[in-house]
Amino acid sequence: MKRKDLIYQYVKKNTENLSQEEINFGGGLTTIEISEDLDIIRNNVSKELNILVREEKIVKLEGRPVRYLDASCLKWKPLSKKVNSYKENTLLNKKESPTRETSEKKLKRDLFDYMIGSNGSLRSQMEQAKAAIFYPPKGLNSLIIGPTGSGKTFFANAMYQYSQAKDVIDQEKTMIIFNCADYSQNPQLLMSHLFGHAKGAYTGATEAKDGLLIKAHDNMLFLDEIHRLPPEGQEMLFYFMDTGTFQRMGETEERVSANVRIICATTEDPDSALLKTFVRRIPVSIQLPAFNDRPAKERVQLLRMLLSIEAKRINKRIVVDENVVKALLGSVTYGNIGQLKSNIQLACAKGFLNSMDNQDEVCITMEELTPELQDGLINLAKQRNELNEVSQYLEPRLTLYPDDSVYILEEDTYELPFNLYEIIGDKAALLKSEGVDAESIENFITTDINLHLKSFYKTNKLDFDNEQNLKDIVDQEVITLTKEIWKMAEEHLEYRFKQNFLYAMSLHLSSFIKRSREGVVLTKTNKELENLILNYQAEYEVALMIKEHIQAKYQIAVPEVECWYLTMLLVSLKEQNLIGHVGIIVAAHGKSTATSMVQVVTKLLDVKNVVAVDMPLEMNPNRAYSLISDAVQKVNEGKGVLLLVDMGSLTTFGPKLMRETEIPVKTIDMVTTPVVLEAARKTSLMDNQLEEIYDSLKSFRGYSNFLNYQPVSPADEINGEMQRRKAIVTICSTGEGTAIKIKERVQDLLSSFIDEDVEVFSISLVNMEKQVAEIAEDYHILATAGVSKPTLAVPHLTLEELFQSTGTERIKQVMLESQSDESNFVRSIDTKELCEEYLGTYFTFLNPHKLIDVLWEYCTIIETQVNETFSNSLRIGLIMHVAGVLERVLLNDVLSAEEDTAEKDSVYYEAVIKANQSIKTKLNLTIPESEIFYILNIFDTQAQE
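Everything in the sequence shown is counted per the working numbering, starting at 6 for the first residue and increasing by one.
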């Protein structure tokens, strides 16, 4: 065979089946690879390759290094023609074309085909995975081992999709995924999720429940962080692997069988983190390499893939300098692919900010990288062999297009749940319209980028040090100065600032110092700002001290106007800290009465400001007071604490707590789960003050008042308020610029879901309170929005809340709050359905579908006995209260009355006794005399109203 034919056959064999995705990510052969594999001198290989290109048998891909492909793999997509994006194809090219054949071929491909390293560092791992899937009769269980961010979840998804592609698993199913770390602090709950539980297995288990093993029958179960499964759980799991059967928690006789393929994953050494008996039951262990242990070619391909994802998200091409690629590769020190992805997102976000005027392209140079990422170039340069190897696969400028084919895992731990580029674009446009200079915009947005990424990775257990994030933006010297100022400000203002002080102040100082060194210092005074400073003399004095610190350290002049800005920054940071939540403490007699109520509420609303204090009957009141005092100090966020108690001595603790802790405390007695729920809802959805929430809860009688949307006393005042036109007030420093943008945003959000006319006003920060008061004379103000919150007791929306994707939901909350006093929708919907809905929402251990008929009949019996027709609100309130009684009876945590017996002379007493008998007959539950006392109170309260 001639040399040319030998080279052609080699190229054809190794490239003719490459997909477009593989070509985009560096697929193809280089002259060096062909020369080494065929043992032919490089110059001769190059000569023959050029001849084959001229003969159109192979294709030459420009770049560095040059790559060669068999021409047949590109017959439907010649490189000389731009490929339209999928959006363009959808809109402009709906007719059938030759690409249909390619698309059908693509559908038959599995995720392994897209995986970088399938013919390299992951080849043996893929063979292991495929063998585990096909091993008769039902495959082998597998354990994927690898460091954080190495791609374990991606690999598990590849195994699952391969199983579906080969018809091993039904293609209509989805993989069952469970992360053992989510419940690592509660082993019992973890095992209940996995194996299910029998009725009565533990407190609150009122009915049997299937676990994930049953749900994964004839499917695949992926158990991430398996080392967090407790030893007893591992024993139960390996018994299931051996026999195919298991017992639910609390079950002593019945065994359940299931056919489940199990994939486990861990970052730990299995020999030390898992039981040896468990590890022996998993015959296939798949070890994934760390990022820096993979070949240079694969690392470059991974970086290209991640950049392609960002190009698709931005919808612009991304052009990256060669040194930036080297720096990004060298920046990976501990987090593997996950860390590389976060670094790329930061670099792209800053590049996007600096390229906003360019509609087509985002350029990323070394200047866009933070100092920490720039150090990655030095890290790589220190390893000469690594640098030389990586350089073979790089070009002077790497270009990625938004229509490049790329596979994105739908549920990726490292994938941002929001479009960071939309946030940057909106905020930059807003600041630009306000007249902010480009450098300040960059500083503001850069901080925002870091905060968004920090928030996301903290949620996903990838928390990075706060100060480390800040080093990406400002010098360490400025951070040190800011810490000194922070301490000084707290001492003189006698106030504890939060962590945001370090961010905001250091960013401001860094910008000022940089401007001063460049000779660009703001000296223009503002009369309105000067007058505003008169109200904040304490903060102004601290600003003068900061001025002295700066002048002493940097030998630069600090103008008076800068002291004014520092004053307003201190005021702003102090006011931000005051915008916390009102704390809530639930204290009740019984071993777990308070805890049960709080568990229900925190599960429904996901709130963090509610704490439970249980008081067993044998507990000394002094001990109970001590526990509640500790809880008050723990839950206080600067806005006071709401103490929700059931009865007895607990109702007297409030005044003493205020004297000793100096924290405002308001007490509400006769607590129930709905009361706790309503309190938590108000503190989480609105910027209410303690007094406002307390006043609203004093008139809250279960759901009898909450759902009675009739105007309450004084009726004339409420009616007058509701008849006035509604308004929302937007606020910025001047009343123009930002406030106009906010106004437009609010109007857009309102128009998306409401037909009602709501006037939107734009006002200035100067004389803000006076302007708000004037508007309030003629309008019913629903909310305020913008840079500062007036003292008016209505919800306030920040800029971030408005301009993120959750803005619509936040506006809806405000409108629903306003409608709750004027709507009478209880009459417009079926009351019985409403009750069933609330039972399902607010009670954990009751079946609303089965219980609603029983409770409905309960009300009817009482109505018949006393010859009355209950209002909708009274019926709903009674049903919700009795449901709470039944739940307490089930949990053996019933309330005790201050009086031993209910008032038997009440006209409702005999009717309630008869209705209780109905409960006894149908549910085999006995309502005690102490609970009857509170049921009668509902009717007494209704009579008084």
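In this text, a Cβ means the ideal position worked out from N, Cα and C, and glycines have one as well.
Of the listed residues the options, nearest to residue i (C-alpha basis)
i: D380; options: K331, N359, T158, K171; result: K331
i: Q292; options: S126, I121, F658; result: S126
i: M550; options: N19, L575, S634; result: L575
i: D215; options: N224, K52, K204; result: K204
i: S988; options: E366, T688, V680, M652; result: There is no way to answer for residue 988, as the model of the chain reaches only from 6 to 950.
i: F139; options: V681, V587, Y167; result: Y167
i: K775; options: I736, P800, V763; result: I736
i: E394; options: T813, M131, K644, P300; result: P300
i: G343; options: D298, I174, S155, I518; result: S155
i: P626; options: S654, K644, S601; result: S654
i: R253; options: P275, R304, Q193; result: Q193
i: D674; options: T656, L682, V681, L662; result: T656
i: V284; options: L307, P236, D298, R260; result: P236
i: I733; options: A778, V771, V917, L498; result: A778
i: V887; options: Q870, C864, R664, T869; result: C864
i: R322; options: L403, P294, G643, Q130; result: L403
Which of helix, strand or coil DSSP assigns to residue i
i: L66; result: strand
i: L802; result: strand
i: F251; result: strand
i: R309; result: helix
i: V646; result: strand
i: Y119; result: helix
i: N224; result: strand
i: D753; result: helix
i: D229; result: strand
i: F159; result: helix
i: D215; result: strand
i: E841; result: helix
i: V1; result: Not covered by the structure: residue 1. The range shown for the chain is 6 to 950.
i: S262; result: strand
i: T153; result: coil
i: L148; result: strand
i: I673; result: strand
i: G595; result: strand
i: H886; result: helix
Beta-carbon contacts of residue i that lie in its chain and below 7 angstroms, excluding the five residues immediately before and after
i: A636; result: I590, V616, V618
i: K281; result: none
i: K220; result: I181
Enclosing alpha helix (DSSP H) for residue i [first to last residue]
i: V16; result: 8-20
i: Y914; result: 914-928
i: A386; result: 376-386
i: Q292; result: No alpha helix (DSSP H) holds Q292; the beta strand (DSSP E) holding it covers 289-292.
i: C4; result: What the structure shows of the chain is the stretch from 6 to 950, and residue 4 is not part of that stretch, so it cannot be assessed.
i: Y699; result: 695-703
i: G659; result: 658-666
Residue range of the beta strand (DSSP E) that includes residue i
i: V265; result: 265-271
i: C368; result: 366-369
i: V618; result: 615-620
i: F875; result: Looking at the DSSP string, F875 is not in any beta strand (DSSP E), and its letter there is neither H nor E.
i: L978; result: The first residue shown for the chain is 6 and the last is 950, placing residue 978 beyond what the model contains.
i: I736; result: 730-737
6 angstroms CB neighbourhood of residue i in its chain, flanking five on each side removed
i: A270; result: I149, K157, D229
i: Q169; result: Q176
i: G32; result: L23
i: E256; result: A203
Cut-off 8 angstroms between Cβ atoms - residues of its own chain near residue i, not counting five sequence neighbours on either side
i: L382; result: N328, K331, A332, G335, M371
Residue environment, residue i, which counts as buried when at least 16 other CB atoms sit within 10 Å
i: S833; result: Note that S833 scores 33 on pLDDT, short of 50, meaning its location in the model is unreliable; the coordinates nonetheless yield the value given after this. S833 is exposed by the Cβ-count criterion.
i: S511; result: buried
i: H854; result: exposed
i: T678; result: buried
i: R128; result: exposed
i: D326; result: buried
i: I56; result: exposed
i: R628; result: exposed
i: T874; result: exposed
Cutoff 8 angstroms: residue i Cβ touching any chain D Cβ
i: V670; result: Structure shown: chain D not included; a single protein chain is present.
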